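Novice:
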Amino acid sequence: MLVNEIIKAPILTEKSYSLMEQRVYTFKINNRANKIEIAKAVEFIFNVEVEKVNLMKVARKPKKVGRFSGFTSSYKKAYVTLKEGHVINFFPEEAKDDKKAKKAKVVKEDVVDKDKADQAQAKAAAKLAAKTSKTAAVKKPIKKAREGK
2 MLVNEIIKAP ILTEKSYSLM EQRVYTFKIN NRANKIEIAK AVEFIFNVEV
52 EKVNLMKVAR KPKKVGRFSG FTSSYKKAYV TLKEGHVINF FPEEAKDDKK
102 AKKAKVVKED VVDKDKADQA QAKAAAKLAA KTSKTAAVKK PIKKAREGK
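If you're matching positions, the sequence shown starts at 2 in my numbering and goes up one per residue.
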């Protein structure tokens, strides 16, 4: 089965949105697809790593439209759990916000790293100055004593 035939559509409901916070994404999939194929398809399409896949068959339900009665079509649903640190963005706005947040975080980390480096340099300079002043104080009298002999 081709990768683009496995996943039909994402299922976006209140429950699926609450599960997204826990790295679990819901998809409507082909009835003949198995867990391994689904995991490979999600990894290929969204460029993420899949931790596990749970499957569920949703049965058809009777519906009426006016005087006509019929059924909704049955389908297969997959709950895909991603590994830590991986996210799927279904909406372009979310992707832009995530990129901005990552850039801000990187800039903030750079500033913190620079501050730490400056503090380390200042500490090293103070230590070196203290050491040179001690050695200079100790060496000066010795040199004078030698010159006097």
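For each residue, glycine too, the CB sits at the ideal point set by N, CA and C. Computed from a predicted model, the values in this text were never measured in an experiment.
Between the beta-carbon of Ile7 and the beta-carbon of Ala40, is there less than 7 Å?
Specialist: No; because the gap between Cβ atoms is not below 7 Å, this pair is not in contact.
Novice: How close, in whole Å, do the beta carbons of Ile36 and Ala10 come, if the pair is a contact with beta carbons under 8 Å?
Specialist: A small fix is needed here, since residue 36 is Lys in this sequence, not Ile. About 18 Å separates the two Cβ atoms, so there is no contact after all.
Novice: Roughly how far, in whole angstroms, is the beta-carbon of Tyr1 from the beta-carbon of Ile89, given that I think they are within contact range, below 8 Å?
Specialist: There is no way to answer for residue 1, as the model of the chain reaches only from 2 to 150.
Novice: Mind checking which residues open and close the alpha helix (DSSP H) that includes Met21?
Specialist: It spans 15-21 - the alpha helix (DSSP H) in which Met21 sits, taken as one unbroken run.
Novice: With burial defined as no fewer than 16 other Cβ atoms inside 10 Å of the residue's Cβ, what is the status of Glu95: buried or exposed?
Specialist: Exposed: under 16 other Cβ atoms inside 10 Å.
Novice: With C-beta atoms as the reference, is Val43 less than 7 Å away from Val81?
Specialist: Going by C-beta atoms, Val43 is nearer than 7 Å to Val81.
Novice: Use the C-beta contact count for Ala79: other C-beta atoms within 10 angstroms, 16 or more gives buried, fewer gives exposed.
Specialist: That one is buried.
Novice: Apply the 10 Å Cβ neighbour rule to Glu38 and answer buried if 16 or more other Cβ atoms are within range, or exposed otherwise.
Specialist: Buried, by the Cβ-count rule.
Novice: Is the beta carbon of Leu83 closer than 7 Å to that of Val49?
Specialist: For Val49 and Leu83, yes; Cβs fall inside 7 Å.
Novice: Provide the residue(s) that pair with Leu3 in DSSP beta bridges, ordered along the chain.
Specialist: Looking at the DSSP assignment, Leu3 forms no beta bridge with any residue, so it has no partner.
Novice: Could you pull the DSSP bridge partners for Asn55 from this structure?
Specialist: DSSP, once it has assigned bridges, lists Tyr80 as partnering Asn55.
Novice: Which value, in whole angstroms, describes the spacing of the CA atoms of Ile12 and Lys124?
Specialist: When rounded, the distance between both Cα atoms is 56 Å.
Novice: Just confirm the distance between the C-beta atoms of Phe1 and Pro63, as a whole number of angstroms; I'd bet it's less than 8 Å.
Specialist: There is no way to answer for residue 1, as the model of the chain reaches only from 2 to 150.
Novice: Whole angstroms are fine: how far does the CA of Lys103 sit from the CA of Val4?
Specialist: Val4 and Lys103: Cα-Cα distance of roughly 30 Å.
Novice: Where does Val108 sit, in a helix, a strand or coil, going by DSSP?
Specialist: If DSSP states are grouped into helix, strand and coil, Val108 belongs with the helices.
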